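S.K.: Submitted below is the structure of interest, expressed as structure tokens.
Numbering (this note's numbering), first residue to last: 1 to 146.
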């Protein structure tokens, strides 16, 4: 009985230690470089997903620092200094490019290039999965898509 309780306690501890909250940062148009407000931490090119371990989030009082988006044209947009994500559902932040900033066409071209690359990767992945499903014995009976 004690051994079962010990395993149950260890299992619960592992679950609690592995929890994280995810914040998705998007930009309109897509393709802005996402950083923290100071510019010292770079998260990548939007859309990006930033992970905050539960322990870190609790240590910050449930708040996370804001984000800054910088488009290829140099246009910038920021969120509030602190954000409060839902610990279970996370948060999605969308940064809109300022309309009055110059270079809108350059940003749209970059967004189109990124969307095209993403579509090519998705098509290659679909072809790879199709090949995998067709190569298995009886795989054609279990195809999830036409």
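The C-beta atom is built at its ideal place from N, Cα and C for all residues, glycine as well.
Source: prediction; values computed, not measured.
1. Candidates 36, 19 and 20: which alpha carbon is nearest residue 93's?
2. Can you check whether the CB of residue 59 is closer than 9 Å to the CB of residue 25?
3. So, residue 52 versus residue 34, is the Cβ gap smaller than 9 Å?
4. Does residue 58 get closer than 9 Å to chain B when you measure Cβ to Cβ?
5. Is the distance from the Cβ of residue 71 to the Cβ of residue 106 below 9 Å?
6. Are residue 113 and residue 39 closer than 9 Å when you measure CB to CB?
7. Pick out whichever of 55, 133, 101 and 29 has its Cα sitting closest to the Cα of residue 19.
8. Report the rounded CA-to-CA distance for residue 131 versus residue 123, giving the unit in angstroms.
9. Taking 9 Å as the cut-off, decide whether the C-beta atoms of residue 57 and residue 79 are in contact.
10. Which same chain residues, not among the five before or five after residue 95, have their C-beta less than 6 Å away from its C-beta?
11. In terms of alpha-carbon separation, which member of 133, 83 and 66 lies closest to residue 41?
12. For the putative contact between residue 29 and residue 111, defined by C-beta atoms under 8 Å, what is the C-beta separation to the nearest angstrom?
13. Would you list the residues sitting across from residue 65 in a DSSP beta bridge?
14. Could you check how far apart the C-beta atoms of residue 23 and residue 87 are, in whole angstroms? I think they sit under 8 Å.
15. Going straight from the alpha carbon of residue 97 to that of residue 108, what length do you get?
M.R.: Taking the coordinates as given:
1. Shortest Cα-Cα distance from residue 93 to any of 36, 19 and 20 involves 36.
2. No, the pair does not count as a contact, with Cβ atoms beyond the cut-off.
3. Against a cut-off of 9 Å, the Cβ pair of residue 34 and residue 52 comes out as no contact.
4. Among the chains of the structure shown, chain B does not appear; only one protein chain is present.
5. The answer is yes: Cβ separation under 9 Å.
6. No. Outside cutoff.
7. Check the Cα spacing between residue 19 and each of 55, 133, 101 and 29: the tightest is with 55.
8. The alpha-carbon of residue 131 is positioned some 12 Å away from that of residue 123.
9. Taking a C-beta distance under 9 Å as the contact criterion, residue 57 and residue 79 do not qualify as a contact pair.
10. Answer for residue 95: 27, 69 and 77, listed in chain order.
11. A check of alpha carbon separations from residue 41 across 133, 83 and 66 identifies 66 as the nearest.
12. Their Cβ separation, rounded to whole angstroms, is 4 Å, which keeps residue 29 and residue 111 in contact under 8 Å.
13. Residue pairing by DSSP places residue 65 opposite 82 in a beta bridge.
14. Contact between residue 23 and residue 87 is absent: CB atoms are separated by about 11 Å, not below the 8 Å threshold.
15. Taking the straight line joining both Cα atoms gives about 11 Å.
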